[in-house]
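Worksheet: the structure to be examined is printed underneath.
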Amino acid sequence: MRKLVLSGFLASEEIYINQLEALLLPMKPLKATATTSQPVLTIQQIETIFYKIQDIYEIHKEFYDNLCPKVQQWDSQVTMGHLFQKLELKVKGPKDSKDSHTSVTMEGTLGNGLDCSHLPLSGFDLLKHTPVDHPDYPLLQDALRISQNFLSSINEDIDPRRTAVTTPKGETRQLVKDGFLVEVSESSRKLRHVFLFTDVLLCAKLKKTSAGKHQQYDCKWYIPLADLVFPSPEESEASPQVHPFPDHELEDMKMKISALKSEIQKEKANKGQSRAIERLKKKMFENEFLLLLNSPTIPFRIHNRNGKSYLFLLSSDYERSEWREAIQKLQKKDLQAFVLSSVELQVLTGSCFKLRTVHNIPVTSNKDDDESPGLYGFLHVIVHSAKGFKQSANLYCTLEVDSFGYFVSKAKTRVFRDTTEPKWDEEFEIELEGSQSLRILCYEKCYDKTKVNKDNNEIVDKIMGKGQIQLDPQTVETKNWHTDVIEMNGIKVEFSMKFTSRDMSLKRTPSKKQTGVFGVKISVVTKRERSKVPYIVRQCVEEVEKRGIEEVGIYRISGVATDIQALKAVFDANNKDILLMLSDMDINAIAGTLKLYFRELPEPLLTDRLYPAFMEGIALSDPAAKENCMMHLLRSLPDPNLITFLFLLEHLKRVAEKEPVNKMSLHNLATVFGPTLLRPSEVESKAHLTSAADIWSHDVMAQVQVLLYYLQHPPISFAELKRNTLYFSTDV
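Heads up: the sequence shown at position 578 corresponds to 578 in full-length UniProt numbering, and the numbers run straight through without jumps.
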């Protein structure tokens, strides 16, 4: 990796040196004419235009000439940190140096737009892949410290990676934030790269260029920040509603992405042709791009005071508040309205490519092979408490994790009423699908029914603070709880977390005591209870249908783990207070108890024996063959399993009927329950798969599709199934 980073760095240095050489070509004849009677430019003008270029060229050429042989004749033990250290010192130059040939000041370099800001970035990458005990490590640290200290001393407000654009009017304009957003334009979704400068918001699209040509942006529109206003959600005009993309199509995209990931891994393992791998990667990019374009649903509107309004769709409340806060912070300054001439707009748009900090569309196919694939499994999070609120409020937190390139809300604490120091102490279990980050958002609950967002008919709660942490496998993958504090706008939220990998979660451990219901075979429980469907399943379903069927995110939002454990204990003990406890309990905890019951069965509801046949049956392309096979597999289940499955199926269909209110479609419910009711046995998964990530990509999507098949099927009756027994083998 060190060699790779250095090779990339050398390539960019080579381009840079060539560009400097190209600048030096016209400088010499111009200088020669400056002393004649008809100069093209005066000496002063030449020195302003070609400021220190000769010096910069010599410094970088010397650095390149020294580094190049070390990389070409590679030895992992060889040191080169001193070259970086020397380069940084030379570029920085002594503050009061009188000898202009031995020092080039960074102020001059930055002022003329010459790009030396890539030095600290490459240094970071190199440091990241240099062992701590390598002799280069302290030298690289020192080189980075020199460059960072110096850059921050020039202008404390400027991020070291961002340089300034000077407009023809002379003011310096900084890039503050940029990123890829989905814009709804003429009722269709378009991916835009949005740039927020200190005084203007610019929306651009990447121009299509022929191979090898330098990429450029095309400006779609801009709004001076002095003219930009946010409509309050309840003021949003009655513009055409943006319909969410159908869930089943999003799920299909995810399935394709997962299947392609598996194919790429197989090709790599079998040392497949690079052309075949590139073709698969291209297909994967296309599907990931579609998913990225069509999954966001959270509206973010902005208006130009002069009339035009624009609508973006974001994947999470977190992003929306980041953009809003960044704009509002800049608007506190004394900003003037202006109109950019076509030349000024061209200069500004032209600078975007160089200044951008987000280089690639955020899809996994853009990542390098050595980057973390993220975590697959279960993250247990306890949200303890929060401090730092100025006045009493009704407060709650939500938890988001990333999945397939965008963030999804996974859990929500209860509202702690009228307090400045909420103490939730609530535990959640969150399923991770290649996740790398956890976000915590703290809200003030709004009970004012007049404050409704017209875009999605939800009451608007106010974000009090938000924070994000990286899920580092080394830190998280310990058996012990890891406690941390996240700071957000002066508010501190204390939380703990631990992680269970997917391989671990496949281990179903039967209960040692046969008197309870959790971890006990379903046939034993129904026989003991003299029932067709276990009492725990009937009671949880009844309670959800009574008061949770309109709850947003029912079954997707995690319940509090301590509440779920309390309910588990009561059901296991067959306590007479079960009904009273159920009626008082938070509905997400009841939904979580039902999911936990199915997950803790000694074997999945659809059985280990039939698992391979379900996987093959769902892959059949002929509809009649698939129907025969999928119905025959149901008949092959033991009666208690089949009756319970059909009972659950009808319940989930009733939940999905309320999708306009609870936002839970058949596809969402299949995603939640599929991997719980149907998963490979430990032996099966070890025989076929190599890693936790493979388990996800190889099987989970198919498990979701199996449940979805039955959910989308016309009602299935137990008696009808048994009557229509067909005589063919379960071996598909």
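Built from N, CA and C at the ideal position, the CB exists for glycine as well. These figures come from a predicted structure and were not determined experimentally.
- When Cβ pairs closer than 8 Å are counted between the two stretches, the segment 187-203 is seen not to touch the segment 261-272, the count staying below three.
- For Gly434, the uninterrupted beta strand (DSSP E) run begins and ends at Lys423 to Ser435, by DSSP.
- Membership of Asn662 in any beta strand (DSSP E) is not indicated; the residue belongs instead to the alpha helix (DSSP H) covering Glu659 to Asn662.
- In the three-state reduction of the DSSP assignment, Asp586 falls in the coil class, being assigned neither a helical nor a strand state.
- The DSSP-derived three-state label of Pro26 is helix.
- Counting along the chain, the unbroken alpha helix (DSSP H) around Tyr535 starts and ends at Tyr535 to Arg547.
- Judged by DSSP in its simplified three-state form, Gly81 adopts helix.
- Sorting Glu550, Thr500 and Met255 by C-alpha distance to the C-alpha of Thr671 places Met255 at the top.
- Three or more Cβ pairs drawn from the segment 460-479 and the segment 309-327 lie within less than 8 Å of each other, which places the two stretches in contact.
- Sixteen is the threshold: since fewer than 16 other Cβ atoms of the shown chains lie within 10 Å of the Cβ of Gln44, the residue is exposed.
- If you draw a straight line from the Cα of Cys446 to the Cα of Arg414, it comes to about 14 Å.
- Rounded to the nearest whole angstrom, the C-alpha separation of Ile327 and Leu201 is 9 Å.
- Within the same chain, and ignoring the five residues on either side of Leu293 in sequence, the residues whose Cβ sits closer than 7 Å to its Cβ are Val182, Arg189 and Leu191.
- Counting only runs of 3+ residues, no beta strand (DSSP E) is found wholly inside the segment 609-684.
- If you look at Pro69, you'll find it in the alpha helix (DSSP H) that goes Ile53 to Gln72.
- Within the same chain, Lys626, Cys629, Met630, Leu633 and Val732 come within 7 Å of Gly617 by CB-CB distance, once the 5 residues on both sides are set aside.
- For the 9 Å CB-CB criterion, Ser315 and Tyr406 form a contact.
- Remark: three or more beta-carbon pairs, one from each stretch, lie closer than 8 Å, so the segment 371-388 and the segment 489-497 are flagged as touching.
- When the beta-carbon positions are compared, Leu610 and Ser636 come within less than 9 Å of each other.
- For the 9 Å CB-CB criterion, Ser501 and Trp481 do not form a contact.
- A distance below 9 Å separates the beta carbons of Asn641 and Ile522.
- For Tyr710, the uninterrupted alpha helix (DSSP H) segment begins and ends at Met701 to Gln712.
- Its Cα nearest to that of Thr420, the residue Asn394 stands out among Leu441, Asn394, Phe404 and Arg439.
- When C-beta atoms of the segment 566-584 are compared with those of the segment 422-434, fewer than three pairs fall below 8 Å, so the two segments do not count as touching.
- Counted as a single uninterrupted DSSP element, the beta strand (DSSP E) harbouring Val182 occupies residues Thr172 to Ser185.
- One alpha carbon belongs to Gln73, the other to Lys3, and they sit about 10 Å apart.
- C-alpha of Thr364 to C-alpha of Gly548: approximately 36 Å in a straight line.
- For Leu291, the uninterrupted alpha helix (DSSP H) segment begins and ends at Ser274 to Asn294.
- Contact check for Phe180 and Ile361: beta-carbon distance about 6 Å, within the 8 Å limit, so the pair qualifies.
- Counted as a single uninterrupted DSSP element, the alpha helix (DSSP H) harbouring Phe571 occupies residues Ala561 to Ala573.
- If you draw a straight line from the Cα of Lys532 to the Cα of Pro638, it is about 12 Å long.
- In its chain, beyond the 5 residues on either side, Lys492 and Glu494 have a beta carbon closer than 6 Å to the beta carbon of Val485.
- Considering only Phe338, Leu441, Leu330 and Lys329, the residue with the shortest C-alpha distance to Val383 is Leu441.
- As computed with DSSP, Asn304 is found in a beta bridge with Leu228.
- In the three-state scheme derived from DSSP, where H, G and I count as helix and E and B as strand, Pro299 is classed as strand.
- No Cβ-Cβ contact shorter than 9 Å links Tyr222 with Leu335.
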